[in-house]
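In my numbering, the protein residues as written are 30 to 171.
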């Protein structure tokens, strides 16, 4: 499951950046600023994918933040341009799919990690001392 999730996250990030570049083509203003934002996002995504590839929890959390920022960025570009609805919809779909896949892995333990954990140690019953029940209240005097 983990390899499929990692591949899903990588594919969603790649397709969302392609979609964002296509959406950027319709922008009349702020093209260079948007290009710098996208290049910074690609650099940060490489760092996040490094964490995802080694199955570190910070990698999944960082990917969730990047994908949420990608949704906000794509929505802002579409709002400013009002063009390329199909490209916007597909980009939003891939961003959401990657977000769901990353959120599913946040806090989840790997199968390997779960198998490596030792079972809790049990104490044999013979070593336990029997405790005498404590009496509460008054006791009868003879």
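Glycine included, each C-beta is placed from N, C-alpha and C at the ideal position.
Residue 127 sits close to residue 41, with the two beta carbons spaced by under 7 Å. In this structure, the beta-carbon distance from residue 97 to residue 88 does not fall below 7 Å. Listed in chain order, the non-local C-beta contacts of residue 37 below 6 Å within the same chain comprise 130, local neighbours out to five positions each way being set aside. If one requires a minimum length of 4 residues, the alpha helix (DSSP H) runs lying completely within the region 81 to 121 are 86 to 110, in chain order. Put simply, of 110, 103 and 112 the residue whose alpha carbon is nearest the alpha carbon of residue 123 is 103. Cβ contact annotation for residue 53 (same chain, cutoff 6 Å, sequence separation greater than five): 63, in chain order. Residue 58 sits in coil when the DSSP states are folded into three classes, being neither helix nor strand. Residue environment: residue 94 is assigned as exposed (fewer than 16 neighbouring CB atoms within 10 Å of its CB, all protein chains considered). One thing to note: residue 35 has its Cβ no nearer than 7 Å to the Cβ of residue 83. Residue 117 is not a Cβ neighbour of residue 108, given a cutoff of 7 Å. Distance between residue 65 and residue 90, taken at the CA atoms: about 23 Å. Here residue 45 is not near residue 92, since their CB atoms are 7 Å or more apart. Annotated as distal: residue 70 and residue 110, with beta-carbon spacing of 7 Å or more. If you draw a 10 Å sphere on the C-beta of residue 134, you find 16 or more other C-beta atoms in it, and that means buried.
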